[in-house]
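Read top to bottom, the protein sequences are chains A and B.
Using my numbering, read the first sequence as starting at 0 and increasing by one per residue.
Using my numbering, read the second sequence as starting at 2 and increasing by one per residue.
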Amino acid sequence: DGGITQSPKYLFRKEGQNVTLSCEQNLNHDAMYWYRQDPGQGLRLIYYSQIVNDFQKGDIAEGYSVSREKKESFPLTVTSAQKNPTAFYLCASTAGNQPQHFGDGTRLSIL
Amino acid sequence: AQRVTQPEKLLSVFKGAPVELKCNYSYSGSPELFWYVQYSRQRLQLLLRHISRESIKGFTADLNKGETSFHLKKPFAQEEDSAMYYCALKAGGFKTIFGAGTRLFVKA
Numbered sequence: 000d001g002g003i004t005q006s007p008k009y010l011f012r013k014e015g016q017n018v019t020l021s022c023e024q025n026l027n028h029d030a031m032y033w034y035r036q037d038p039g040q041g042l043r044l045i046y047y048s049q050i051v052n053d054f055q056k057g058d059i060a061e062g063y064s065v066s067r068e069k070k071e072s073f074p075l076t077v078t079s080a081q082k083n084p085t086a087f088y089l090c091a092s093t094a095g096n097q098p099q100h101f102g103d104g105t106r107l108s109i110l
Numbered sequence: 002a003q004r005v006t007q008p009e010k011l012l013s014v015f016k017g018a019p020v021e022l023k024c025n026y027s028y029s030g031s032p033e034l035f036w037y038v039q040y041s042r043q044r045l046q047l048l049l050r051h052i053s054r055e056s057i058k059g060f061t062a063d064l065n066k067g068e069t070s071f072h073l074k075k076p077f078a079q080e081e082d083s084a085m086y087y088c089a090l091k092a093g094g095f096k097t098i099f100g101a102g103t104r105l106f107v108k109a
């Protein structure tokens, strides 16, 4: 099923480099989210956006940035300021009181 | 503070045995609770939500406001139930808080 598409599946970052993870949804959902998934820590919220051109920091926003120029797209940039970026990143979206729909995730590793 | 606690990181049961995955929450408002499941090589997906009060794949979960719990139960575990399970709390607005997850392993 379509819904939410995250790309790439695997991404490698060099020291000092910024990388951008893509998240696109065709569900017409207003809200979109980025989570970081680490073993034993569950999902931690990085950023979320309730509407276009608006977003809020989650619990672990330091070293990350986002934009929401279109309803369908919510890209996440992992900046060089994020000292421990190796993780699995999940994008999700929702509408109203509905549960969240998730993408397949992007695994980011450091070279 | 809003918090979701899943005390067990790993739960291992034999096929056919009952299973209970524990979830406790902390929230001063009216909670909306969910269980999400992630099977091997599949995306995270909703299993059930408390307002639906339905049984999905034999699983049920009852919201106990007095004990602030939303435990997930199944009377007879199957091998295909082996997965990672996350309890989640929708704490007003658009924000959802997830627990650390419990990995369920059902042995043959």
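For glycine and all other residues, C-beta sits at the position ideal for the given N, C-alpha and C.
Closer than 8 Å, CB to CB, is residue i near chain B or not?
i	result
A/Leu-42	yes
A/Thr-93	yes
A/Gly-39	yes
A/Gln-49	yes
A/Gln-99	yes
A/Ala-30	yes
A/Leu-10	no
A/Asp-103	yes
A/Leu-20	no
A/Leu-75	no
Determine the direct distance from the alpha carbon of residue j to that of residue i, and round the result to whole angstroms.
i	j	result
A/Phe-11	A/Thr-19	11 Å
B/Ile-52	B/Lys-66	13 Å
B/Arg-104	A/Tyr-47	26 Å
A/Gln-81	A/Ser-66	17 Å
A/Tyr-63	B/Gly-17	45 Å
B/Glu-81	B/Val-107	8 Å
A/Cys-22	A/Thr-4	6 Å
B/Tyr-40	A/Lys-13	31 Å
B/Ser-70	B/Leu-49	15 Å
If you compare alpha carbons, which of the options is closest to residue i?
i	options	result
A/Asp-37	A/Lys-13, A/Ile-109, A/Tyr-88, A/His-100	A/Tyr-88
A/Leu-110	A/Arg-67, A/Tyr-9, A/Leu-75	A/Tyr-9
A/Glu-61	A/Lys-70, A/Leu-44, A/Glu-68	A/Leu-44
B/Gly-100	B/Cys-24, B/Pro-19, B/Val-14	B/Cys-24
A/Pro-140	A/Gly-104, A/Asn-83, A/Gln-99	Since the first residue of chain A shown is 0 and the last is 110, residue 140 of chain A is not available in this structure.
A/Val-51	A/Lys-69, A/Gln-97, A/Ser-108, A/Phe-101	A/Lys-69
B/Gln-3	B/Ser-13, B/Phe-15, B/Pro-32	B/Pro-32
B/Leu-90	B/Ile-57, B/Gly-30, B/Arg-54, B/Ser-83	B/Gly-30
B/Arg-44	A/Gly-41, A/Gly-102, A/Ser-108, A/Pro-84	A/Gly-102
Please look up how many angstroms separate the CB atoms of residue i and residue j, rounded, as I've assumed it's under 8 Å.
i	j	result
B/Leu-34	B/Cys-88	7 Å
A/Gln-49	B/Phe-95	5 Å
B/Tyr-37	B/Leu-47	6 Å
Taking only beta-carbon positions, decide if residue i is within less than 8 Å of chain A.
i	result
B/Gln-15	A small fix is needed here, since residue 15 of chain B is Phe in this sequence, not Gln. With 8 Å as the cut-off, B/Phe-15 does not count as an interface residue toward chain A.
B/Tyr-87	yes
Tell me, please, whether the segment 82–93 of chain A touches the segment 31–50 of chain A by the rule of three or more beta-carbon pairs shorter than 8 Å.
The answer is yes - the segment 31–50 of chain A touches the segment 82–93 of chain A, with three or more Cβ pairs under 8 Å.
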